[in-house]
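Here is the structure we will look at.
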Amino acid sequence: MRKFTSVIKVKGFAVHHSRRLSETTLEKTQIASIFFAEVARVFLFITVLVRESFSRDFELREFFRQCFQIGYKTLPLVSVTGAIMGLVLTIQSRPVLVDFGAVSWLPGMVSVSLIKEMGPVITALICAGKIGSGMGAELGSMKVTEQIEAMEVSSINPMRFLVVTRVAAATLMIPLLILYADALGILGSWAGANIKGSVSFVLFFSQAFSPVDFIDFLPAVLKSFFFGAVIGLVGCYKGYNAGRGTESVGVAANSAVVMASLLVIIIDLIAVQITDMLLL
Amino acid sequence: MKTKQTETFDKVHYKTKNNEPVIEITNLRKSFNNQEVLKDVSLKLFDGENLVVLGKSGSGKSVLIKCIVRLLNPDGGTISVFDENVMALQRNELNELRKKIGFLFQSGALYDSMTVKQNLEFPLRRIRKDLSEKDIKEKIAEVLENVGLPDAQNKMPSQLSGGMRKRISLARTIVVDPLIMLYDEPTTGLDPATSDEISLLINDVQTKYKTSSIIITHDIACARANANRIVLLLDGAIYKEGSLETFEHSTDPEIKSFFR
Ligand SMILES: Nc1ncnc2c1ncn2[C@@H]1O[C@H](COP(=O)(O)OP(=O)(O)OP(=O)(O)O)[C@@H](O)[C@H]1O
Ligand SMILES: [Mg+2]
Numbered sequence: 000m001r002k003f004t005s006v007i008k009v010k011g012f013a014v015h016h017s018r019r020l021s022e023t024t025l026e027k028t029q030i031a032s033i034f035f036a037e038v039a040r041v042f043l044f045i046t047v048l049v050r051e052s053f054s055r056d057f058e059l060r061e062f063f064r065q066c067f068q069i070g071y072k073t074l075p076l077v078s079v080t081g082a083i084m085g086l087v088l089t090i091q092s093r094p095v096l097v098d099f100g101a102v103s104w105l106p107g108m109v110s111v112s113l114i115k116e117m118g119p120v121i122t123a124l125i126c127a128g129k130i131g132s133g134m135g136a137e138l139g140s141m142k143v144t145e146q147i148e149a150m151e152v153s154s155i156n157p158m159r160f161l162v163v164t165r166v167a168a169a170t171l172m173i174p175l176l177i178l179y180a181d182a183l184g185i186l187g188s189w190a191g192a193n194i195k196g197s198v199s200f201v202l203f204f205s206q207a208f209s210p211v212d213f214i215d216f217l218p219a220v221l222k223s224f225f226f227g228a229v230i231g232l233v234g235c236y237k238g239y240n241a242g243r244g245t246e247s248v249g250v251a252a253n254s255a256v257v258m259a260s261l262l263v264i265i266i267d268l269i270a271v272q273i274t275d276m277l278l279l
Numbered sequence: 000m001k002t003k004q005t006e007t008f009d010k011v012h013y014k015t016k017n018n019e020p021v022i023e024i025t026n027l028r029k030s031f032n033n034q035e036v037l038k039d040v041s042l043k044l045f046d047g048e049n050l051v052v053l054g055k056s057g058s059g060k061s062v063l064i065k066c067i068v069r070l071l072n073p074d075g076g077t078i079s080v081f082d083e084n085v086m087a088l089q090r091n092e093l094n095e096l097r098k099k100i101g102f103l104f105q106s107g108a109l110y111d112s113m114t115v116k117q118n119l120e121f122p123l124r125r126i127r128k129d130l131s132e133k134d135i136k137e138k139i140a141e142v143l144e145n146v147g148l149p150d151a152q153n154k155m156p157s158q159l160s161g162g163m164r165k166r167i168s169l170a171r172t173i174v175v176d177p178l179i180m181l182y183d184e185p186t187t188g189l190d191p192a193t194s195d196e197i198s199l200l201i202n203d204v205q206t207k208y209k210t211s212s213i214i215i216t217h218d219i220a221c222a223r224a225n226a227n228r229i230v231l232l233l234d235g236a237i238y239k240e241g242s243l244e245t246f247e248h249s250t251d252p253e254i255k256s257f258f259r
């Protein structure tokens, strides 16, 4: 009899666990299938985007409007952060360099770190917040209020009119904003150098650019194009694929910022690895 | 069930001059994640007629007309517009077809980054490439006059009231002179006077441009003013179709609830 109950116990245990296992498996399969569906959708989106980008009727006017919007909206923000970046970097590094008696390296060091890393990444993150969320919210609300469908029934290709122009504008404008931030950063750094001690602008400038070659510029500029493209792409994707109902607009904007910022950091990592491999 | 429907179809062609269907839908099915919205809808729209579609909220009226222009892809059944199978069209063929169809969205769907004038110009310039600048200007002034908002040209959609948005949206739809009009609740949310004006306008559009229209509405005044034929959508299928009189005198509680 005792033997028998233990068999029942074991059986119950096994059944319970196998059921739980199958439930978890089902659940995980569902999660996986949602994930892969999302991946497929992203690829489809990019494929359509690329195809539409090379179609003949490029919406030039909308493209310029978007370029203006991007530049105009972010210029003050980028100016302030750029200048402060240079200023702070200078003030922070100065004591260390003074200890080593290498104050004359200060401009060069600041400019290298600004141009190679700080400028692109911080500006891109700011743009991800400002432009990525803007695009997510704008396209998201257009989706929710059926404006995108309205374009489609008027046989206007919304992918071409809305998405291609925005991604192209972001890809072009964000590198320009980054270069602008770099320039203001170096100006800020000059201001910082003048707080303690004084250095003429010409001297500072020549010192700043003596360690910088064109070959140092190139990877930074290249990666900033990728930053721009990814910010535009993520913003548009999230907005364009927003769900139904007004709350999806907020979700689209929010997830656009999160995703774009994350991707900026990841692209930066990859870019650094690649340049490291190629240049050494 | 189906044969009965076709019988009635053949009997009723009230004001229509000729019996050519411009839209023909058979056995249309559409569901969203296990929710069957349209189960079996068969419907014809004849040349030059105004067909009113009645149905409770959530019965799938908007889904039905979205399937016609392929904003939604049906799960089954066939839709043909001007003898073309909508489901089989390539993208550019579909675009050509869509240029002939005007679609008034229930929500208006005005482009809110554009002024009223730009909203109207946007489809007009792309669909009617033959028009000159002067024609475009005149056309826009004319439709705005027609919807009773001649001074709204430079307003942004956010500055308009709900009813005004609806009317601008209607203006945007008719400005390109479509052959078929799909109105999704054109008078909902408007005061009775404006509703009547819109009803008259729909009538004008029909007589002036010889359009065929599907009008989705709950507004019986609008149905009375425009309907050549009425269908009632219930439980994902056409429950009843007939003339205005047969609907008005019906004793069926499902129908009576609309004609109180
Ligand atoms: N894109 C969609 N995704 C998921 N469900 C949808 C979608 N479109 C419509 N539905 C569902 O289909 C059903 C019918 O919607 P539809 O908008 O056609 O109703 P309706 O008859 O137009 O109602 P109303 O008179 O309120 O406009 C609703 O239950 C809605 O939730
Ligand atoms: Mg509806």
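Note that the protein sequences, when read in sequence, are chains U and V.
For the record, in the first sequence the residue sitting at position 144 is 143 according to numbering that gives the first Met the number 0, with numbers rising by one throughout.
For the record, in the second sequence the residue sitting at position 128 is 127 according to numbering that gives the first Met the number 0, with numbers rising by one throughout.
Cβ coordinates follow ideal geometry from the N, Cα and C atoms, glycine included.
CA-to-CA, the gap between Glu22/U and Val9/U works out to about 20 Å.
Look at Gln146/U: its C-beta is under 8 Å from a C-beta on chain V.
Around Lys98/V, the beta-carbon contacts reaching into chain U at under 7 Å are Ser154. Taking 8 Å as the CB threshold, Phe45/V stays off the interface with chain U. Exclusion of Phe257/V from the 7 Å shell around ligand 1 follows from its C-beta lying no nearer than that to any non-hydrogen atom of the ligand. The Cβ atoms of Tyr239/U and Lys142/U lie closer than 8 Å to each other.
Within a 10 Å sphere around the beta-carbon of Ala127/U sit 16 or more other beta-carbons, which makes this residue buried. Taking a contact as a CB-CB distance under 8 Å, the pair Ile22/V and Lys43/V counts as one, their CB atoms being some 7 Å apart.
Per DSSP, Ile130/U is not a residue of any alpha helix (DSSP H), being assigned neither H nor E. Where Arg223/V is concerned, the enclosing alpha helix (DSSP H) starts and stops at Ile219 to Asn225. The Cβ atoms of Val263/U and Phe226/U sit closer than 8 Å to each other. Restricted to the region 24–87 of chain V, the alpha helix (DSSP H) segments that are unbroken, complete and at least 4 residues in length are 60–67, listed in chain order.
Beta-bridge partners of Arg228/V (DSSP): Leu50/V. Rounded to whole angstroms, the gap between the alpha carbons of Val233/U and Val162/U is 10 Å. For Glu151/U, the chain V residues whose C-beta falls within less than 7 Å of its own C-beta are Leu70, listed in chain order. Take Val77/U, set aside five residues on each side of it, and the residues of its chain with a beta-carbon closer than 7 Å to its own are Thr122, Ile125, Leu176, Tyr179 and Ala180, in chain order.
Not one heavy atom of ligand 2 falls within 7 Å of the beta-carbon of Gln34/V.
Here Leu96/U is near Leu105/U, since their CB atoms are less than 8 Å apart. When the Cα atoms are used, Met276/U and Leu123/V turn out to be separated by approximately 54 Å. Scanning its chain for C-beta atoms nearer than 7 Å, with the 5 sequence neighbours on each side dropped, one finds around Asp218/V the residues Thr186, Thr187 and Ser194, in chain order. Residues of chain U with a Cβ closer than 8 Å to the Cβ of Ser106/V are, in chain order, Thr144 and Glu145. The shortest C-alpha to C-alpha distance from Ala39/U to any of Arg18/U, Ser247/U, Tyr236/U and Thr245/U is the one to Tyr236/U. Sorted by position in the chain, Lys60/V, Ser61/V, Gln105/V and Asp183/V make up the residues whose C-beta lies under 6 Å from a heavy atom of ligand 2. When the five nearest sequence neighbours on each side are left out, the beta carbons in the same chain lying within less than 7 Å of the beta carbon of Ser140/U are those of Val248, in order along the chain.
Identification of residues in the region 123–135 of chain V having a C-beta nearer than 7 Å to some C-beta of chain U yields Arg125 and Ile126, given in sequence order. For Tyr239/U, there is no enclosing beta strand (DSSP E); the residue is part of the alpha helix (DSSP H) that begins and ends at Phe213 to Tyr239.
Secondary structure note for Asp183/V: it is in no alpha helix (DSSP H), and the uninterrupted beta strand (DSSP E) holding it is Ile179 to Asp183. When rounded, the separation of the alpha-carbon atoms in Gly47/V and Gln146/U is 28 Å. Contact annotation: Thr274/U and Phe224/U have beta-carbon atoms that are not nearer than 8 Å.
Taking CB atoms only, Tyr182/V has no neighbour in chain U less than 8 Å away. Across the structure, Val68/V and Glu148/U are spaced so that their CA atoms are roughly 10 Å apart.
Contact of Asn227/V with chain U is not assigned, every C-beta pair being separated by 8 Å or more. Look at the beta carbons and you see the region 165–174 of chain V touching the region 189–204 of chain V: at least three pairs across the two are nearer than 8 Å.
Spanning the alpha carbons of Gly191/U and Ser103/U requires a straight line of approximately 14 Å.
In the three-state reduction of the DSSP assignment, Ile177/U falls in the helix class. Here the C-alpha atom of Ser106/V lies approximately 15 Å from the C-alpha atom of Val152/U.
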